[in-house]
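Colleague: First the structure, then my questions, so here it is.
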Amino acid sequence: MADWIHCNRCFQKIRAEIKFFLKECGRIECQKCTKYTGEGLSNCVNCNKSCRTILLSSNMKPEVQNFFRPLPSLLETVKKAYEFQNKQQFDVLNHMRQKYAHAKNEIIKCYKMIDTYKKENEKIRALLKGRQPETPGRFFTSTPIQPSTKSPSLFEVSLSTLGLTPKKIRAKPGHSFRISS
């Protein structure tokens, strides 16, 4: 035990042959000055209350022993705990920075893809605008039309006026056929 430990009533320093007690109120008393009942309680002369009391020994709980350890060793323990916790926080921060950088890169990729798709869309719109029929009211549909073999249909006549002819006249019902120019 440390040499600063003494009885708070008679100021006798701690010695092996004299028992010392720690009271709940924080006072230390020797066995001569305390009125220890043996049941873990004693009356405190200072605060006039019945306080829980423990014998100062190496069998005390670690949290109580810490009050009697030399300050440099306590500070070293605190320093190690601080360094450990600081490293853990730094690791979490680095991980979050990496996740942020990855997410930022993914967003940049997405914006670039959107720009590419917008440009492609503009090109396709321009191509479609240039390929529209010159006669108003006529337009192409995606609905397949079954050509007739008897006489030229309106579909074939419209295709021929545009300079387009069907490659295969024998399209099956419900199927489309290819047109070449």
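When we follow the working numbering, the leftmost residue of the sequence shown carries the number 19, and every step to the right adds one.
Virtual Cβ for every residue (Gly too), placed ideally from N, Cα, C.
From a predicted model like this one, the values you see are computed outputs, not experimental measurements.
Under DSSP, the alpha helix (DSSP H) around leucine 145 begins and ends at which residues?
Modeller: 89 to 148
Colleague: Helix, strand or coil, according to DSSP, for glutamate 81 in the structure here?
Modeller: helix
Colleague: Which partner residues of serine 68 appear in the DSSP bridge assignment?
Modeller: BP columns for serine 68 point to Asn61.
Colleague: Identify the residues that DSSP records as bridge partners of cysteine 48: which are they?
Modeller: Phe38
Colleague: Compare the beta carbon distance of asparagine 77 and serine 68 with 9 Å and say whether it is the shorter of the two.
Modeller: no
Colleague: Based on Cα-Cα distance, which residue from Cys43, Ser75, Arg27 and Glu42 lies nearest to glutamate 35?
Modeller: Ser75
Colleague: On a CA-only basis, which of Asn139, Lys37, Lys79 and Lys41 is nearest cysteine 48? Give me that one, please.
Modeller: Lys37
Colleague: For lysine 50 and glutamine 30, what's the separation of their Cα atoms in angstroms?
Modeller: 10 Å
Colleague: So asparagine 66 packs on isoleucine 46, CB below 8 Å; how close in whole Å?
Modeller: Not really, about 17 Å apart at Cβ, beyond 8 Å.
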